[in-house]
Amino acid sequence: MKLVPTLVVILLTVFTAVCQSNQSCGEVLRFPSTMTQHDYVRLETTLTSSLTAVTACVRMRTDAGHSGTLFSYATQRNHNELYLFGDRGRTTFAANMHNSGTGFFNLHVLDGMWHLVCFTGRSSSGDWKMYKDGCLVTSGTASSRGGSVDPSGVWILGQDQDTPGGAFQLNQAFSGDISNFNVWDYVMTESQILQQFMNDSSYHGNVIDWETVGKLVYGGVQLYQVDCETSLGQDPCNITDDEICDTAYNNTIVDPNRSTAFVPGPSDLYICDNRLTKGWYRFEAHSQSVRIPEVFVEPYHCGTRVPLWLDGPHPINSQVADRVVCANYGVPGNYCSNSIPILVKKCADNAGVDFYAYCLSPTPGCDQAYCAGNQEPCPNGEVWGDAYGKCVKDVPEITENPVLHPPVIDLTTWKVTFTCEVKYDNDTDDGARFDVKFLFDHTDDRKVNEATPTPLDPTRKTVELDAKYLGTFDNFGTIEWESKMGKTVSKTQVTQ
């Protein structure tokens, strides 16, 4: 759970400047729409000296409908040194520099368009500002002042860190594109921020330079070389044929419940596309491309009340075709109560496999959604496992009770380690995780367990507890661990 420091004053200022550009983004990182805590990018750099002022700018694009963490910088002493943070339950963001937090604010960037987002902060005064597309959005003064951002930390894109380089939480992951992440050790002026938006390819951070910094890519993140279109005055469907078929430009909707075979139950939430951002989309289900059906679909199918189906055939050549989708409200004899114009293009992926891309607009009302595919949904309690090509259990079974192994002494490093082994079947799911806690005389110590590398995932079935936490440990500066010597070490029940 991210605790965001409160602030004293928020000064909201909105400018009406028209900020337009069409500059190259160079390298672009695509974070998958199906988010996991394994998708992130670690930058091969750190701070060599403390920061008392900062400007951090990043180009981003998302249509996920919720915010996520764009970047985070964590040290051993403070895993919240610097971040621009959001989570699945919000449409807002929060920033922090050392202990100077902004509170949550709305950047209005969840629209599938490219935006330049900049944060500036000065620890001595606590003053901070947030910019979108070269224009000041909001500013304020944090309640905590002074201090500095410590050196020797870890920079991560796409995830918030609860320990340096790890302890990511799924609901704080980012989905979308990130590019041009630059950091400076001073506060830029509003004029400089605007000029950067107009021509950000000529701006290079003196702390992090996007063009030269090394990038270690993990999980499903992909690296592309593309151009950023302007965030204003652009029709997102007015792009080249090559861009339409490029996954860096079209958005993949992975949702097997859009199948014509899926009928939502009483407890299921209807899929609603009235907040869909206009743009190019492709549909996937069960690890393969699927298409909008060409025949009418009965109401209460495709995971929604009013399904949308394609009134006309898909094009057989690669030309962009005008089509309409029809909404079936269940009126007898009228399977097209109203229609929405769309564009359709036949594409092929890198392996030569055909798929269709659609330029879609938001639906006029809720409980309306685009159908895709006719695959049978997975039974209750199961999800589709891409690695296995079949439906698998949503949560793997713990086959035996967890085992706490006796401590092991490494005489070369003088390290004593307790190991807890979790016995579970990871052959049916590749996305599960488990939280493990150690007890001291049957009592949980939050500080110790937060410093222990959890949770577990299918690549790791054991979690280790360094015995240094059983004695006084002051490597975190002002934090000292109460001695646990002489206390019995055990593990709690492992939670999934």
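If you count by mature numbering (1 follows the signal peptide of the UniProt record, and there is no 0), then the sequence shown holds residues -21 to -1, 1 to 475, one letter each, in order. Each residue gets a CB set at the ideal place from its N, CA and C atoms; glycine is no exception.
Under three-state DSSP, which class holds residue i?
{"i": "ALA240", "result": "coil"}
{"i": "PRO386", "result": "strand"}
{"i": "THR467", "result": "coil"}
{"i": "GLN174", "result": "helix"}
{"i": "ALA351", "result": "coil"}
{"i": "ALA446", "result": "helix"}
{"i": "GLN138", "result": "coil"}
{"i": "GLN16", "result": "coil"}
{"i": "LEU149", "result": "helix"}
{"i": "GLU169", "result": "helix"}
{"i": "residue 479", "result": "Absent from the structure is residue 479, since the part of the chain shown begins at -21 and ends at 475."}
{"i": "TYR337", "result": "strand"}
{"i": "PHE397", "result": "strand"}
{"i": "ILE271", "result": "coil"}
{"i": "CYS370", "result": "strand"}
{"i": "GLU6", "result": "strand"}
{"i": "HIS94", "result": "strand"}
{"i": "GLN201", "result": "strand"}
{"i": "ARG124", "result": "coil"}
{"i": "CYS357", "result": "coil"}
{"i": "VAL133", "result": "strand"}
{"i": "LYS194", "result": "strand"}
{"i": "LEU63", "result": "strand"}
{"i": "ASN454", "result": "Because ASN454 carries a pLDDT of 46, less than 50, the predicted location of this residue cannot be relied on, and the following value inherits that uncertainty. Of the three classes helix, strand and coil, the one that applies to ASN454 here is coil, per DSSP."}
{"i": "THR441", "result": "strand"}
{"i": "VAL313", "result": "Inspection of the sequence shows that residue 313 is occupied by Asn rather than by Val. Strand at ASN313."}
{"i": "ILE250", "result": "coil"}
Relative to the alpha-carbon of residue i, which residue among the options has its alpha-carbon at the smallest distance?
{"i": "THR219", "options": "GLU169, ASP252, VAL166, GLN298", "result": "GLN298"}
{"i": "GLY309", "options": "GLY331, PRO278, CYS251", "result": "PRO278"}
{"i": "CYS216", "options": "ASP301, ASN253, ILE271", "result": "ASP301"}
{"i": "SER123", "options": "TRP134, SER104, SER170, MET109", "result": "SER104"}
{"i": "ASP129", "options": "GLN148, ASP164, GLY119", "result": "ASP164"}
{"i": "ILE388", "options": "ASN428, PRO143, ALA446", "result": "ALA446"}
{"i": "ASP234", "options": "VAL200, ASP247, ASP188, CYS281", "result": "CYS281"}
{"i": "SER268", "options": "LEU287, SER318, TYR337", "result": "TYR337"}
{"i": "ASN296", "options": "CYS305, VAL382, PRO245, LYS325", "result": "LYS325"}
{"i": "GLY352", "options": "VAL37, SER51, THR13, ILE271", "result": "ILE271"}
{"i": "PRO143", "options": "GLY119, MET14, ALA53", "result": "ALA53"}
{"i": "LEU95", "options": "GLY113, THR81, GLY82", "result": "GLY113"}
{"i": "MET101", "options": "SER118, VAL88, LYS111, TRP93", "result": "The identity of residue 101 in the sequence shown is Arg, whereas the question assumes Met. Nearest C-alpha to ARG101: SER118."}
{"i": "PRO320", "options": "PRO341, LEU30, LEU8", "result": "PRO341"}
{"i": "GLN140", "options": "LYS111, TYR62, ALA73", "result": "TYR62"}
{"i": "GLY467", "options": "PHE419, THR441, ASN428", "result": "Before going further, note that residue 467 is Thr rather than Gly in the sequence given. Taking only the C-alpha atoms, the option nearest THR467 is PHE419."}
{"i": "ALA74", "options": "TYR110, GLN16, THR441, ARG56", "result": "TYR110"}
{"i": "THR41", "options": "ALA330, TRP93, HIS265, LEU383", "result": "TRP93"}
{"i": "SER12", "options": "ALA152, ILE135, SER246", "result": "ALA152"}
{"i": "SER266", "options": "ASP252, GLN354, GLN347", "result": "GLN354"}
{"i": "THR99", "options": "GLY91, ASP225, ALA121", "result": "ALA121"}
{"i": "ASP247", "options": "ASP346, LYS108, GLY145, THR70", "result": "ASP346"}
{"i": "LEU383", "options": "LYS372, VAL371, LEU390, THR396", "result": "THR396"}
Over what stretch of residues does the alpha helix (DSSP H) that includes residue i continue unbroken?
{"i": "ASP221", "result": "220 to 223"}
How far does the beta strand (DSSP E) with residue i in it extend, from its first residue to its last?
{"i": "ASN161", "result": "155 to 163"}
{"i": "PRO286", "result": "285 to 289"}
{"i": "ALA327", "result": "317 to 327"}
{"i": "CYS36", "result": "32 to 40"}
{"i": "ASP424", "result": "Element bounds for ASP424: n/a, residue is neither H nor E."}
{"i": "PHE262", "result": "258 to 264"}
{"i": "PHE419", "result": "417 to 419"}
{"i": "ILE232", "result": "230 to 233"}
{"i": "ASP106", "result": "106 to 111"}
{"i": "TRP363", "result": "361 to 364"}
{"i": "SER102", "result": "Taken as a continuous stretch (DSSP letters only), SER102 belongs to no beta strand (DSSP E), as it is neither H nor E."}
{"i": "CYS345", "result": "No beta strand (DSSP E) holds CYS345; DSSP gives it neither H nor E."}
{"i": "SER46", "result": "Premise fails: SER46 is in no beta strand (DSSP E) and is neither H nor E."}
{"i": "ARG254", "result": "That residue, ARG254, is in no beta strand (DSSP E); it is neither H nor E in DSSP."}
{"i": "ARG302", "result": "300 to 306"}
How close, in whole Å, do the beta carbons of residue i and residue j come, if the pair is a contact with beta carbons under 8 Å?
{"i": "THR34", "j": "MET167", "result": "4 Å"}
{"i": "VAL133", "j": "LEU26", "result": "About 10 Å; that fails the 8 Å criterion."}
{"i": "GLU60", "j": "SER158", "result": "Not quite, the Cβ-Cβ distance comes to about 23 Å (not below 8 Å), so this is no contact."}
{"i": "LEU89", "j": "GLY44", "result": "6 Å"}
{"i": "PHE275", "j": "ASN307", "result": "6 Å"}
{"i": "THR441", "j": "THR392", "result": "The Cβ separation is near 18 Å, so there is no contact."}
Measure from the C-beta of residue i to each C-beta in chain D and report whether the shortest distance is under 8 Å.
{"i": "SER29", "result": "Any reference to chain D falls outside this structure, which holds one protein chain only."}
Does any heavy atom of the ligand SAH sit closer than 7 Å to the C-beta of residue i?
{"i": "ASP188", "result": "Absence of the ligand SAH is noted for the structure shown, with no ligands found whatsoever."}
Inset, instruction - Would you check if the segment 247 to 267 and the segment 216 to 233 touch, i.e. whether three or more CB-CB distances between them fall below 8 Å? - result: yes
Does the segment 18 to 31 come close enough to the segment 191 to 204 to have 3 or more Cβ pairs within less than 8 Å?
yes
task: Decide if the segment 309 to 322 is in contact with the segment 233 to 240; the criterion is three or more beta carbon pairs, one per stretch, under 8 Å apart.
output: no
| request: Inspect the CB distances between the segment 281 to 290 and the segment 372 to 387 and report whether three or more fall short of 8 Å. | output: no
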